[in-house]
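All the letters of the sequence shown, read from the start, carry residue numbers 108 to 272 under the numbering used here.
Ideal Cβ positions, reconstructed from N, Cα and C, are used throughout, including at glycine.
As the structure is a prediction and not an experimental result, all values here were calculated from the model.
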Amino acid sequence: MAGKANLLGHPIHPMLIAFPLGIFPIAVLFDILYLVKKNGYWAGFSFWLIAIGIVSGLIAALFGFIDWLGLQNGTRAKRIGLWHGGINVVVVALFAISWLMRRATPDAPSFGAIVLGIAALVFALVAAWLGGELVYRMSVGVDEGAHVNSPNSLSNRPASGQASK
Numbered sequence: 108m109a110g111k112a113n114l115l116g117h118p119i120h121p122m123l124i125a126f127p128l129g130i131f132p133i134a135v136l137f138d139i140l141y142l143v144k145k146n147g148y149w150a151g152f153s154f155w156l157i158a159i160g161i162v163s164g165l166i167a168a169l170f171g172f173i174d175w176l177g178l179q180n181g182t183r184a185k186r187i188g189l190w191h192g193g194i195n196v197v198v199v200a201l202f203a204i205s206w207l208m209r210r211a212t213p214d215a216p217s218f219g220a221i222v223l224g225i226a227a228l229v230f231a232l233v234a235a236w237l238g239g240e241l242v243y244r245m246s247v248g249v250d251e252g253a254h255v256n257s258p259n260s261l262s263n264r265p266a267s268g269q270a271s272k
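Spelled out as structure tokens, the structure:
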């Protein structure tokens with residue numbers, strides 16, 4: 108089942124998830140460096156990375172929601188997609204709370220704000236696994252008939268290699 112929100116023949120949601128999935132772990136890593144080194148420089152970077160991760164996560168969520176709406180009701184993919192999206196909402200919410208807790212002193216976050224980020228990252232791993240389940244087990248977002256010799260997505264020919272009608 109191909110994605111519903113596409114750009115140049117590919118679903119937009121997977122293009123965008125790389126940003127929050129890359130940014131949030133680096134923010135947590137910088138928080139850990141802050142705890143170890145006692146240097147606010149790392150916490151300040153984490154503060155801004157979390158802000159960027161929240162914005163990019165919300166944009167990715169919008170396109171994921173559009174794709175989820177296109178899934179057939181009553182399917183396992185629709186249920187897994189709901190869990191995937193719901194957990195990711197929790198991830199963004201936890202990071203948003205962590206970010207709000209840091210606003211007064213971005214270079215010296217509380218231990219609680221850092222723990223929220225770590226917890227959010229654990230949830231993000233679960234949500235990412237569910238996203239992999241959708242794509243790799245249920246072919247959500249994959250062209251029907253896709254194979255290793257499929258024509259280029261810009262060719263206007265279906266993945267199955269059959270002539271388009």
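Local Cβ density within 10 Å of residue i, reported as buried at 16 or more and exposed below that
{"i": "I225", "result": "exposed"}
{"i": "A220", "result": "buried"}
C-alpha distance - residue i paired with residue j, whole-angstrom precision
{"i": "P216", "j": "P265", "result": "52 Å"}
{"i": "M245", "j": "G129", "result": "24 Å"}
{"i": "N259", "j": "F170", "result": "23 Å"}
{"i": "F137", "j": "K144", "result": "10 Å"}
{"i": "G147", "j": "S267", "result": "54 Å"}
{"i": "A112", "j": "N256", "result": "24 Å"}
{"i": "F154", "j": "S262", "result": "43 Å"}
{"i": "Y141", "j": "A158", "result": "17 Å"}
{"i": "L189", "j": "H254", "result": "28 Å"}
{"i": "T182", "j": "A235", "result": "19 Å"}
{"i": "D250", "j": "V229", "result": "31 Å"}
Cβ separation of residue i and residue j, assumed to be a contact under 8 Å, to the nearest whole Å
{"i": "A227", "j": "L201", "result": "4 Å"}
{"i": "W206", "j": "I161", "result": "7 Å"}
{"i": "V233", "j": "L241", "result": "In fact, because the Cβ distance is near 13 Å, the residues do not count as touching under 8 Å."}
{"i": "I187", "j": "L237", "result": "6 Å"}
{"i": "L123", "j": "I166", "result": "6 Å"}
Residue i vs residue j beta-carbon contact at 8 Å
{"i": "P127", "j": "G164", "result": "yes"}
{"i": "F172", "j": "G192", "result": "yes"}
{"i": "A231", "j": "V198", "result": "yes"}
{"i": "H117", "j": "D174", "result": "no"}
{"i": "L223", "j": "I204", "result": "yes"}
Residues that residue i bridges to, as DSSP identifies them
{"i": "H117", "result": "L114"}
Closer than 7 Å: residue i CB and nearest the ligand ATP heavy atom
{"i": "L115", "result": "Summarising the ligand content, the structure contains no ligands, and the ligand ATP is consequently not present."}
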